[in-house]
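Structure, as structure tokens:
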Amino acid sequence: MKKIILDDGFQEYLVENTNLVGEPGIPEIIDFHNTEVPIDIVPFEKINKETNKRKYVHFYMHDKGFRQILTNTKLYVTKLKMFDGVITPDPTIKTYRSKCIQETNTYLNRAVGVYLQKQGIPVIPNIRWGDEKSFSFCFLGVPKNSILSISTHGCIRSNEEKDYFRKGLKAMLFILEPIDVLVHGYMPDEVFGDFLTLTRFHRYKSQFEKTHLKK
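In the numbering used here, each residue's number is its place in the sequence shown (first place is 1) plus 178.
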């Protein structure tokens with residue numbers, strides 16, 4: 179039988195002796211100052227075939243592609259330790275989903291991240307938001323003045339999505355004041371143009387881009 183996140187109480191061991199912040203109790207990422215801007219990044223679903231370990235592992239893919247890191251995190255620690263670091267998981271936050279589900283996905287993002295930190299793995303927080311209602315919790319548990327990661331892949335297709343993304347990006351920069359921001363996917367000027375002087379942005383091609391260009 180396939181294991182689901184509810185089978186063992188959301189893997190309570192992930193947040194043992196971890197500070198929980200805000201009204202929803204989001205696990206707090208530890209500011210170890212041991213991360214760096216990645217040379218490159220690799221999707222979690224490809225780590226078994228990746229020979230170049232000088233990369234950070236990311237989870238910018240359909241949720242089913244990294245379900246196992248949420249349900250059986252311990253199993254992947256040894257494999258993830260082979261790489262330079264990890265960007266925290268990216269469970270979907272949709273504007274039409276209930277707030278409690280969005281908060282839960284933010285919780286899982288941070289819970290896996292702080293557990294991997296405690297295993298000695300450098301961790302860069304991934305920030306994911308929906309509309310303005312998510313701003314009350316989606317930035318919780320992340321240290322200020324650190325390296326952060328975001329993804330635009332599949333998030334800026336329509337004008338409405340671009341507007342949501344622009345507002346969230348502005349809020350993230352104001353609240354967390356990152357020193358560097360990794361961007362997985364495209365960086366259109368109509369979304370990023372007003373913010374390029376506020377921090378250092380580093381763009382990484384999505385797997386879709388790489389595959390499309392090859393074709």
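All residues carry an ideal CB built from backbone N, CA and C; glycine is no exception.
query: Identity of the residues DSSP links to P321 by a beta bridge; result: DSSP lists no partner for P321.
query: Minimum length 4: unbroken alpha helix (DSSP H) runs contained in the region 308-359; result: 337-354
query: Pairwise C-alpha distance: K233 and G371; result: 28 Å
query: Same chain only: Cβ atoms within 8 Å of K393, ignoring 5 sequence neighbours per side; result: Note on K393: pLDDT 49, under 50, position unreliable in the model; the coordinate value appears next. Result list for K393: empty, nothing under 8 Å.
query: Supposed contact pair P321 and D209 - C-beta distance, whole angstroms, cut 8 Å; result: 4 Å
query: E190 versus M239, S329, K252 and G308, residue with shortest Cα-Cα distance; result: K252
query: DSSP three-state assignment for N197, whether helix, strand or coil; result: coil
query: Option in R288, E223, G263 and L318 with minimal Cα separation from P300; result: G263
query: Residues near N195 by beta carbon distance below 6 Å, same chain, minus five either side; result: none
query: K348 versus L258: straight-line alpha-carbon distance, rounded; result: 32 Å
query: CA-to-CA distance, K383 to R344, given in whole angstroms; result: 19 Å
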